[in-house]
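Here's the structure, in structure tokens; my notes come after.
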DNA sequence: GCATGTACGGTACGCCATACGGAGTTGCTT
DNA sequence: AAGCAACTCCGTATGGCGTACCGTACATGC
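Residue numbers (our numbering), protein chains in the order written: chain A, 1 to 265; chain B, 1001 to 1265.
Okay, here's the thing in structure tokens:
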């Protein structure tokens, strides 16, 4: 647990932190903290006030220790963020692909990720940058998602891309949805207020003559919905696209359709 | 152009900045700078060294002015980022849906966005947070994307969701692709180095027995591809899903095809 | 019992965005 | 022509941040 110089971005150290390998020292004073306590304090802060409010000082204060004491347990803030991410990912339960069928299993993953982002809005700011850190939960999730599309006649590359497609979609939608109500309008003014206040200006700037389609859609009230109102809609289409691929890879099936007694619905 | 107190997030001021409405003053000394020069300097810095290197000091230095002079033209850094975003979005040309057909037009949009993110990797960090600022280019793009799916028998809400689906997918994929080679591994160590250095540890941590599917896909070399290798693949599936929807919304077409003299296309 | 390696954390450095206010400049008003 | 209001430019200062450095206190192994 010794503080290492680390210069910049040390993979070994970061992985050891994520997987909690690395023996504790025998020599010095007893440790008053744990990585877990630090991570959970950090998560609480981020949940409550956003990533912007998450500072090493704030974490230390919440734990009643000096700021620099954190660095005994964690090499730096970047690594703390990685562990936070991997930790909350553990909240998602991993569906059993074999029992559910690929479509339902993928759907469950999508919903779980979406819901996770509601509970911890800051994850969307993290699963952009370098989440490929392969912590234990990330790894377990990768295994689970890939397993949903295994044994469907896809190549390994196609499997990875199909999973990547669903992930990309979910992240893309969730991002706007979450960022809008969060620190999007960085501080001050809520989403509603901001929108209400800018509408008169927008109505002057965005002339129906120049933007007919946009104003038509606008007039239909579409943009007054929650920003992720289309989540289910888009997910269905994505899965439809995947389904078409899978069918095309198993051309024999529809022909031999009469064989099993029940092809449910 | 007077500096306003602005407290926090002023919609009117921000919109005026984006649309360049707002008369210039008659009274004081001639202005030595323009919003455009500031924005372009900022874009150059972000292109070269990433958003992390973009500070008000850096912009001012590049322009050879004092830091605080920038605040005469721009209310703050957040607003500068908004204008930067809207500005680079103008690099994308907007395909003509009527001439190309919806699928090709949507494809062009997707490719344009993807390519934009290669040229300006920092945009992916911005099109999460509150880009709904409705600057001129953002608005023009919204009109263009919606127009691609107009007149296809979809409701307004469906139109918005279809566009949202493609956008979400493109952003999701592009994000990982870009963030990986960029400041993902925040500073120091390139992507290749980092991966090479962590592989031995990962091979010890990720046992094939526990993660059979992942290791199988891994062994197939899928993860050695560029992180957005699946871009075209996923896009095709997304468009397939949309195509199925559109077909289902025009059930009458094949049946009643003979009625009007020319149902174009 | 002493050396060693560790935990803790105060202080300090160099960044950052930006509030404030003064000095100099311009053009309108009288 | 004079005065003043509005404006630009920007030096200084404030309060934040991550974290390097290092002194002090402590627990163990020898």
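Think of the CB as a built atom: it goes at the ideal place given N, C-alpha and C, for glycine as much as any other residue. Because the structure is a prediction, the values reported are computed rather than measured.
So residue i packs on residue j, CB below 8 Å; how close in whole Å?
| i | j | result |
| --- | --- | --- |
| residue 201 of chain A | residue 1015 of chain B | 5 Å |
| residue 174 of chain A | residue 86 of chain A | Contact flag wrong, Cβ pair sits at about 18 Å. |
| residue 95 of chain A | residue 109 of chain A | 7 Å |
| residue 78 of chain A | residue 1213 of chain B | At roughly 30 Å, the Cβ-Cβ gap does not stay under 8 Å, so residue 78 of chain A and residue 1213 of chain B are not in contact. |
| residue 116 of chain A | residue 91 of chain A | 6 Å |
| residue 3 of chain A | residue 71 of chain A | 6 Å |
| residue 1244 of chain B | residue 172 of chain A | The Cβ separation is near 20 Å, so there is no contact. |
| residue 170 of chain A | residue 114 of chain A | 6 Å |
Alpha carbon to alpha carbon, how far is residue i from residue j?
| i | j | result |
| --- | --- | --- |
| residue 1089 of chain B | residue 1118 of chain B | 13 Å |
| residue 1074 of chain B | residue 1035 of chain B | 7 Å |
| residue 1013 of chain B | residue 1084 of chain B | 16 Å |
| residue 1241 of chain B | residue 210 of chain A | 30 Å |
| residue 47 of chain A | residue 133 of chain A | 22 Å |
| residue 1233 of chain B | residue 157 of chain A | 10 Å |
| residue 1225 of chain B | residue 1050 of chain B | 24 Å |
| residue 93 of chain A | residue 112 of chain A | 8 Å |
| residue 145 of chain A | residue 1223 of chain B | 15 Å |
| residue 1033 of chain B | residue 1065 of chain B | 9 Å |
| residue 1100 of chain B | residue 192 of chain A | 38 Å |
| residue 219 of chain A | residue 195 of chain A | 15 Å |
| residue 67 of chain A | residue 248 of chain A | 58 Å |
| residue 22 of chain A | residue 37 of chain A | 17 Å |
| residue 1029 of chain B | residue 237 of chain A | 58 Å |
| residue 268 of chain A | residue 1217 of chain B | The structure shown does not extend to residue 268 of chain A, since chain A spans only 1 to 265, so no value can be given for it. |
| residue 1221 of chain B | residue 221 of chain A | 47 Å |
Could you pull out every residue in the same chain whose Cβ sits closer than 6 Å to the Cβ of residue i, ignoring the five residues on either side in sequence?
| i | result |
| --- | --- |
| residue 1208 of chain B | 1215 |
| residue 246 of chain A | 152 |
| residue 206 of chain A | none |
| residue 1136 of chain B | 1019 |
| residue 1069 of chain B | none |
| residue 1039 of chain B | 1083, 1084, 1087 |
So which residues of chain A does residue i contact, with C-beta pairs closer than 7 Å?
| i | result |
| --- | --- |
| residue 1019 of chain B | 205 |
| residue 1157 of chain B | 220, 222 |
| residue 1083 of chain B | None at all; the shortest Cβ gap to chain A is about 15 Å. |
| residue 1234 of chain B | 161, 164, 165, 168 |
| residue 1099 of chain B | By Cβ distance, chain A contributes nothing, its closest Cβ being about 16 Å from residue 1099 of chain B, past 7 Å. |
What residues from chain A crowd round residue i, counting only those whose CB sits closer than 8 Å?
| i | result |
| --- | --- |
| residue 1214 of chain B | 139, 142, 143, 146 |
| residue 1093 of chain B | By Cβ distance, chain A contributes nothing, its closest Cβ being about 17 Å from residue 1093 of chain B, past 8 Å. |
| residue 1226 of chain B | Within chain A, no residue comes near residue 1226 of chain B; the closest Cβ sits about 12 Å away, beyond 8 Å. |
| residue 1015 of chain B | 198, 201, 202, 205 |
| residue 1068 of chain B | Those do not exist, as residue 1068 of chain B stays about 20 Å from chain A at its closest Cβ, beyond 8 Å. |
Assign residue i to buried or exposed, taking buried as 16 or more other Cβ atoms, counted over all protein chains shown, within 10 Å of its Cβ.
| i | result |
| --- | --- |
| residue 31 of chain A | exposed |
| residue 1160 of chain B | buried |
| residue 185 of chain A | Unreliable positioning characterises residue 185 of chain A in this predicted model, as indicated by a pLDDT of 49, which lies under 50. The coordinate reading is nonetheless provided below. It is buried - the Cβ of residue 185 of chain A has at least 16 other Cβ atoms within 10 Å. |
| residue 1155 of chain B | exposed |
| residue 1204 of chain B | exposed |
| residue 1198 of chain B | buried |
| residue 230 of chain A | buried |
| residue 1250 of chain B | exposed |
| residue 9 of chain A | buried |
| residue 11 of chain A | buried |
| residue 97 of chain A | buried |
Could you pull out every residue in the same chain whose Cβ sits closer than 7 Å to the Cβ of residue i, ignoring the five residues on either side in sequence?
| i | result |
| --- | --- |
| residue 1045 of chain B | 1053, 1054, 1058, 1059, 1062 |
| residue 1163 of chain B | 1145, 1146, 1149 |
| residue 123 of chain A | 85, 88, 116, 117 |
| residue 1179 of chain B | 1124 |
| residue 1042 of chain B | 1054, 1059, 1080, 1084 |
| residue 1102 of chain B | 1148, 1149, 1152 |
| residue 140 of chain A | 94 |
| residue 1056 of chain B | 1067, 1070, 1077 |
For residue i, return the contacting residues in chain A, with the cut-off set at a CB-CB distance below 9 Å.
| i | result |
| --- | --- |
| residue 1055 of chain B | Going along chain A, no residue has its Cβ under 9 Å from residue 1055 of chain B, so there is no contact; the nearest lies around 16 Å. |
| residue 1241 of chain B | 234, 236, 237, 238, 239, 240, 241, 242, 243, 244 |
In chain order, what residues of the same chain have a beta carbon less than 8 Å from the beta carbon of residue i, not counting five sequence neighbours either side?
| i | result |
| --- | --- |
| residue 107 of chain A | 235, 239 |
| residue 1176 of chain B | 1227, 1228 |
| residue 104 of chain A | 95 |
| residue 1127 of chain B | 1085, 1171 |
Give the residues of chain B in contact with residue i, contact being defined as C-beta atoms less than 8 Å apart.
| i | result |
| --- | --- |
| residue 12 of chain A | 1197, 1198, 1201 |
What residues from chain B crowd round residue i, counting only those whose CB sits closer than 7 Å?
| i | result |
| --- | --- |
| residue 217 of chain A | 1146, 1156, 1159, 1160 |
| residue 150 of chain A | 1213 |
| residue 118 of chain A | Neighbours of residue 118 of chain A on chain B: none; closest Cβ ~16 Å, over 7 Å. |
Against residue i, what residues of chain B qualify as contacts under a CB-to-CB distance less than 9 Å, listed in chain order?
| i | result |
| --- | --- |
| residue 90 of chain A | The contacting residues do not exist; residue 90 of chain A stays about 16 Å from chain B at best. |
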